[in-house]
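A.B. asks: What follows is a structure written as structure tokens; I'll ask about it next.
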Amino acid sequence: MLHVREPRTLKKPAGKSTLTIADVTADAALLPAYDSHERIWLGRDDESGLTAIVAIHNTVLGPALGGTRVWPHESFEAGLTDALRLSRGMTYKSAIAGTPFGGGKAVIIADPKTEKTPSLLSSYADMLAALEGQFFTAEDVGLTLADADFLRTRAPNVVGTKSGSGNPSPVTAYGVFLGIKAALRHRRGTESLKGVGIAVQGLGSVGWSLCENLHEESAALTVTDIDTARIEEAKKAFGAKGLAPDTILSAEADIFAPCALGGVISRETIPSLRAEIVAGSANNQLARHEDARLLMESGILYAPDYVINAGGLINVAAELAPGGYNRAAAMAKVAQIPKTLSDIFTRAEVQGRPTNDVAAEIAMERIRTAAAA
Ligand code: NAD
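Quick look at the structure:
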């Protein structure tokens, strides 16, 4: 499945570290998620228990930028597939958002609740430092703002820290909020959220913040999380209706907002969807690219994930701008998300194509133009 390139070990951190970082390449025939990725780094440290994959998909637009996910994938292959798919999504996300970065993503295979020890994070920070100049990272599922701050003390290529642009999640949530309104406007000619039923899957950093925005404009929220305490909190804070995780997809709602993990929209789950719009923060919401066509044929408007959830990327990318971080400039760029989505919705409708195909086409056009320049 993986072949080690030469030299086997890219760079070992100085001192007594037991970390090794290998530059590997994947076998496309065995790994369908492999899409001519430019680089895959594999970090292992038996002492700290670190198994980390950094996948760099495409750097035509600039150095790779993408979050670090800490998740207990059921196998190494599942973690690798996640990293490959997520990094590819980051290439598209950056291209559509107009940020001068390429697509990369890191996955640490570990349980964020029980295995994310200081020693594991230190070891990962050493890996990041060794990749300085090739990969910038920020928080993603399983990594907190405090973790990002900790990593930043050892690796300069960590963004979205307290001393930098701050937590990207509320910015992502705000972009999703604006995107939901754009989808509503496209579908119903009004962006009023009053009484609009929205089913939110996942009440983490982004999902919670999104609920705050939606609640403020009087949306009727139905929520779920695998952490039942979060559901109880949301019931109190937003007057939300709580559902068990396995029933949220078929919830009676106008909009389904996936804000947990990817792969929730598939040919198996689409028939049970009651919502007419799918718009949320989760990366890789579609199990397969073709599922966007199935959504379209089912009369469901899909806001492509890497378009609607670009707020966090825009915010952390702003930290790396030549003049330094400028919050107002970053937010002005986030405010473009609904316009980008509206253009995609219209183009998709006129051409009778899935929104995902149109978004991918725009991203590829930009990358090809940059490559040719
Ligand atoms: P998070 O880890 O803070 O929250 C994820 C939440 O989902 C957790 O509360 C978890 O318990 C819950 N969850 C996991 N599996 C679930 C399931 N099957 N059903 C219901 N709930 C489940 O992560 P986050 O930062 O809020 O990110 C959420 C999603 O948005 C992820 O897919 C992430 O990649 C994506 N995203 C996040 C950002 C960002 O700025 N944080 C930016 C872009 C995309």
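Counting in the working numbering, the sequence shown runs from 10 upward without gaps.
Glycine included, every Cβ here is placed at the ideal spot set by N, Cα and C.
(1) Does the Cβ of D234 lie closer than 7 Å to at least one heavy atom of the ligand NAD?
(2) Answer with buried or exposed for M136, where buried requires no fewer than 16 other C-beta atoms within 10 angstroms of its C-beta.
(3) Which residues mark the beginning and the end of the alpha helix (DSSP H) in which K244 is found?
(4) With distances taken Cα to Cα, identify the nearest neighbour of T181 among A64, I65, D54 and N292.
(5) Can you give me the C-alpha to C-alpha distance between P280 and K245, rounded to a whole angstrom?
(6) Identify, in the order they occur along the chain, each residue of the same chain with its Cβ nearer than 8 Å to the Cβ of D255, setting aside the five sequence neighbours on each side.
(7) How long is the line joining the alpha carbons of N365 and S26, rounded to whole angstroms?
(8) By how many angstroms is the C-alpha of L130 removed from the C-alpha of R53?
(9) Taking 7 Å as the cut-off, is the CB of D149 close to at least one heavy atom of the ligand NAD?
(10) Would you kindly report the start and end of the unbroken beta strand (DSSP E) that includes I62?
(11) On the three-state DSSP scale, how would you describe Y43?
(12) Work out the CA separation of R78 and V63 for me, nearest whole Å.
(13) Three or more C-beta pairs closer than 8 Å, one from the stretch 146-166 and one from the stretch 187-195: is that the case here?
(14) Pull up the DSSP beta-bridge partners for Q210, would you.
(15) Would you call S103 buried or exposed, if buried means 16 or more other Cβ atoms sit within 10 Å of its Cβ?
(16) Hey, would you say the C-beta of R48 is under 7 Å away from at least one heavy atom of the ligand NAD?
(17) Output needed for S351: all residues of its chain with C-beta closer than 8 Å, excluding positions within five of it in sequence on either side, in chain order.
(18) Could you tell me if the beta carbon of A303 falls within a distance shorter than 7 Å of some heavy atom in the ligand NAD?
(19) Considering only DSSP beta bridges, list what W217 is partnered with.
(20) So what does L295 bridge to, in DSSP terms?
(21) Can you give the beta carbon distance from H66 to G142, rounded, assuming they're within the 8 Å contact cut?
(22) Less than 6 Å between C-beta atoms, sequence neighbours within five positions excluded: which residues of the same chain meet that for P363?
C.D. replies: Reading off the structure:
(1) yes
(2) buried
(3) T237 to F247
(4) N292
(5) 31 Å
(6) none
(7) 44 Å
(8) 12 Å
(9) yes
(10) L59 to N67
(11) coil
(12) 10 Å
(13) no
(14) T233 and P267
(15) buried
(16) no
(17) A191, R194 and H195
(18) According to the sequence shown, residue 303 is Leu rather than Ala. No.
(19) DSSP output for W217 lists no bridge partner at all.
(20) I274
(21) About 17 Å separates the two Cβ atoms, so there is no contact after all.
(22) A301, R302 and M305
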